[in-house]
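Accompanying notes for the structure given below.
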Amino acid sequence: MATTSFASGANAAQPDAATQVEIYRRMNLIMQNDEASRKIIRSGRLMMPYYSQRGQEVIPSAISVNLNDDDKICTIYRGIHDMLAKGVPLRMLWAEIAGRVTGTCKGKGGPMHITHPASGAILTTGIVGSSMPIANGLAWAAKLDKSRQVTIANFGDGASNIGAFHESLNLASLWKLPVIFVCQNNRFAEHTRYENGTSVDQISKRAAGYGMPGVTVDGNDPFEMYAVANEAINRARDGEGPTLIEAMTFRFFGHVFGDDDFYMTKEEKSAAMAADPVPLFRAKLIATGVATEGQLVAIEQKIAADIQDAIEFALSSATPPLEELTRDVYAEGVA
Amino acid sequence: MSATAETKAVETKKVTIIQAINEAISEAMAADPKVIVLGEDVADREGGGVVGVTRGLSTKYGDDRVRSTPITEQAIMGAAIGAAIGGYKVVAEIMLMNFTTVAMDMIVNHAAKLRFMSGGQTGVPIVIRMMTGAGISSGGQHSDFLEAWFAHTPGLKVVLPSNPEDAKGLMLSAIADPDPVMFVECTRAYFTPTEMPVHVAPIPLGKAKITQQGTDVTIISYSEIFLRATAAAAELAKDGISVELIDLRTISPWDRETVIASVKKTGRAVIAHEAVKQFGVGAEIAATLQDELFGQLKAPIKRLGAPFTSVPFSGVLEQAFIVSVADIVAAARATLA
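As structure tokens, then:
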């Protein structure tokens, strides 16, 4: 699928057994967290705009196992999967989406603005395309620091039609910045089908226009996703500049929670859900002897318990004091 | 301070605002290796900026720290914001104030809000430099004063110097500031050499300057229009009208205390700026003054700004667009009538 030559077959980087299990753990965490989020909204216990990431679990899980804590990610409103994979603590995440003072951002950012610098989760933006220009700046800082840190800029297929995408790819290529542009192509920009909004059949082809490698990868295949991410990240660390990765995927639950999916066919949705990457990868780990059923059940139960703990922590935490309304507008506060 | 130090004349030199800002950035870069510059044509290979504000800096501090960019305002602002979060202090040039419009998402949704939305975890210490102003035949898209937009945006600071000394001192503070600062330079005021102390200390943001004490009427202004206000005060003095002159210098945050104390004393106020009057900075100041001093005002507050129109090209119209010395004189007289 690559539009630029990427290592393939025996030459492609392979996750070792422990890494495969870790990729699965992150995928399962994202899946269970998404299910818990939709459930709690339905129950009426929490109110928030929610952009389900169900179906897109592989992409951040297979990328993030190639990253260090001090590598940065920038993501968008459909980005909780990216944040969890990068290591944002569950309790702080849930407290934030519950609007509590114990949240990552003291409850002032919410689900569309999760920020947790300690895990490298430095920016979540609610504006389509805006993760990319800022990711460039973080990468520029890393380059000036000669630190070998890389920055991942996540965005959707719809964002590849906005000006910020084009300006960012041009500058990143020109300055050889250590940034990886990860387009999570779930085939719909809000309600608009990919081909009705995008002038090329593959977004990765746009990389050629900016003089950088571009590749389309099956974003639901942990091995392909890992190999491509590994290569792009290593190239960025070695000072060889940016890569555009188009990771093909599908969102199971529409644009925003409550979306009735009128714009897609039942057949394509059910086909995508039948190819759910989480149980598929689980079965593969067992079939190849990488993990046992018992091992995976233990991982899944631990995640379920952690999510319950996080929800209870969040809902029992205090709401922010009213002083927070005008705090953090400026470093020194507002007069 | 000793008596000799007090009486000793301050050593000065004649510089333009262009040179003063250049000195400030250079001093900040010399003092802190984390200070970096980017923008269209800012490096010496491209001339050190379209009017030379950053001339010599890339030669002195290297092309890594003074980086010319393509014509790409969103990417410029994004790079500045990201580098700032990554630990740098960034001076980003957006050539003309009107060009901020193509980077508004980065400035308003990101630079201004990230500290708040992250609960104080990420700050954006950047200075966004730009020039603007009517009177140089640039027409409707190269001349606007849009400071009220940015002053209406929580998280941004907005600075508009009128002279080289303030430009240097305010730029030093703006670079040191932990938050994003819009630094607006008036093109008409750029090229006039003016006496400036050889050593200029940082001037705190948010502090106005009373350049002339007076008792009859307070004239409040900033940027190049302040120079016109100064000329108007001299004109009024000929008729025995005593003007207190305030150069706001920073409009967000603005120096409420100084302005209120002055108008409390004089009982009369004229506010003058180049931007269109409707919904302008003058409206905010006037509203604050009536709120604080209702019953103590001796006359209605006068606001002066451009008519509600675009900056025209034709010279006659363009001159009529900008608040004049005569306009300010007339407004001050009207408060005394």
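Taken in order, these protein sequences are the chains called C and Y.
For the first sequence, numbering that gives the first Met the number 0 assigns the number 0 to the initial residue and increments by one for each residue that follows.
For the second sequence, numbering that gives the first Met the number 0 assigns the number 0 to the initial residue and increments by one for each residue that follows.
C-beta atoms are modelled at their ideal positions from N, C-alpha and C, and glycine is treated no differently.
query: Which residue spans inside the segment 104–140 of chain C form an unbroken beta strand (DSSP E) run of at least 3?; result: 120–124
query: Does the count of Cβ pairs from the segment 225–234 of chain Y and the segment 38–45 of chain Y closer than 8 Å reach three?; result: no
query: Taking all protein chains shown into account, decide if glycine 240 of chain C is buried (16 or more other Cβ within 10 angstroms of its Cβ) or exposed.; result: buried
query: Can you check which of these residues, C:Arg234, C:Ser159 and C:Val87, is closest to serine 60 of chain C by C-alpha distance?; result: C:Val87
query: Among the residues of its own chain, which have a CB less than 8 Å from the CB of glycine 125 of chain C, if the five just before and after it don't count?; result: Ile75, Tyr76, Met111 and His112
query: Note down, in chain order, all residues in the segment 96–129 of chain Y with a beta-carbon under 7 Å from any beta-carbon belonging to chain C.; result: Asp104, Met105, Asn108, His109, Arg114, Phe115, Met116, Ser117, Gly118, Gly119, Gln120, Thr121 and Gly122
query: What residues from the segment 64–86 of chain Y come within 9 Å of chain C, judged by C-beta to C-beta, listed N to C?; result: Arg64, Arg66, Thr68, Pro69, Thr71, Glu72, Gln73, Ala74, Ile75, Met76, Gly77, Ala78, Ala79, Ile80, Gly81, Ala82, Ala83, Ile84, Gly85 and Gly86
query: Please state the DSSP three-state secondary structure of serine 220 of chain Y.; result: strand
query: Indicate whether the contact test is met: 3 or more Cβ pairs, each with one atom in the segment 12–29 of chain C and one in the segment 292–302 of chain C, closer than 8 Å.; result: yes
query: On a Cα-Cα basis, can you pick out the residue from C:Met47, C:Ser172 and C:Lys283 that is closest to arginine 234 of chain C?; result: C:Ser172
query: Short check: CB of glutamate 92 of chain Y to CB of isoleucine 106 of chain Y, under 9 Å?; result: no
query: Decide yes or no for the touch test of the segment 150–170 of chain Y against the segment 201–221 of chain Y: beta carbon pairs closer than 8 Å, at least 3 of them.; result: yes
query: Anything in chain Y within Cβ reach of glutamate 166 of chain C, meaning under 9 Å, just list it in chain order.; result: Pro69, Thr71, Glu72, Gln73, Ala74, Ile75 and Gly77
query: What's the call for aspartate 33 of chain C, buried or exposed, on a 16-neighbour Cβ count within 10 Å?; result: buried
query: How close, in whole Å, do the beta carbons of tyrosine 329 of chain C and proline 14 of chain C come, if the pair is a contact with beta carbons under 8 Å?; result: Between proline 14 of chain C and tyrosine 329 of chain C the Cβ distance is about 45 Å, and since that is not below 8 Å, they are no contact.
query: Quick check on the DSSP output: what are the complete beta strand (DSSP E) runs of length 3 or more inside the segment 42–69 of chain Y, in order along the chain?; result: 65–68
query: Buried or exposed: where does phenylalanine 293 of chain Y fall if 16 or more other Cβ atoms within 10 Å of its Cβ makes it buried?; result: exposed
query: Buried or exposed, going by whether 16 or more other CB atoms sit within 10 Å of the CB of proline 319 of chain C?; result: buried
query: Closer than 8 Å by beta-carbon distance: list the chain C residues that pair up with methionine 154 of chain Y, in chain order.; result: Before going on, a small fix: residue 154 of chain Y reads as glycine here, not methionine. Those are Val328 and Tyr329, listed as they occur along chain C.
query: By alpha-carbon positions, which one of Y:Ser309, Y:Leu247, Y:Arg267 and Y:Phe98 ends up nearest to glycine 139 of chain Y?; result: Y:Ser309
query: Establish whether the CB of proline 116 of chain C and some CB of chain Y are separated by less than 9 Å.; result: yes
query: Counting only Cβ-Cβ distances shorter than 7 Å, please list the residues of the segment 164–182 of chain Y near chain C, keeping chain order.; result: Pro177 and Asp178
query: Under 8 Å Cβ to Cβ from valine 14 of chain Y, same chain only, skipping five residues before and after it: list those, please.; result: Glu22, Pro163, Pro192, Thr193 and Met195
query: Would you identify the three-state DSSP class for glycine 294 of chain Y, choosing helix, strand or coil?; result: coil
query: Determine, using beta-carbon pairs with one atom in the segment 211–219 of chain Y and one in the segment 260–279 of chain Y, whether at least three such pairs fall under 8 Å.; result: yes
query: Cα-Cα, which of C:Gly155, C:Arg236 and C:Ala11 is closest to tyrosine 50 of chain C?; result: C:Gly155
query: Enumerate, from N- to C-terminal direction, the unbroken beta strand (DSSP E) stretches of 3 or more residues contained entirely within the segment 190–259 of chain Y.; result: 193–196, 208–211, 216–220, 242–246 and 249–251
query: Going by beta carbon distance, what residues of the same chain come within less than 6 Å of arginine 54 of chain Y, once the five residues before and after it are set aside?; result: Gly47
query: Extract the residue ranges of the beta strand (DSSP E) inside the segment 269–302 of chain C, only unbroken runs of 3 or more that lie entirely within it.; result: none
query: By the criterion of Cβ-Cβ separation under 8 Å, what are the contact partners of tryptophan 139 of chain C in chain Y?; result: Ala78, Gly81, Ala82 and Gly85
query: Taking C-beta to C-beta, are valine 181 of chain C and alanine 271 of chain C nearer than 9 Å?; result: no
query: Count the other C-beta atoms from every protein chain shown that fall within 10 angstroms of the C-beta of leucine 316 of chain Y, then say buried if there are 16 or more, exposed otherwise.; result: exposed
query: Report the neighbours of histidine 254 of chain C on chain Y: residues whose CB is nearer than 7 Å to its CB, in chain order.; result: Here the premise fails: no neighbours, minimum Cβ distance about 20 Å.
query: Could you tell me the distance, in whole angstroms, from the CA atom of aspartate 308 of chain C to the CA atom of arginine 41 of chain C?; result: 19 Å
query: Would you give the residue range spanned by the beta strand (DSSP E) that glycine 304 of chain Y belongs to?; result: 301–305
query: Let me make sure I understand the geometry here. Which of C:Lys107, C:Gly257 and C:Met131 has the alpha-carbon closest to that of glutamine 120 of chain Y?; result: C:Lys107
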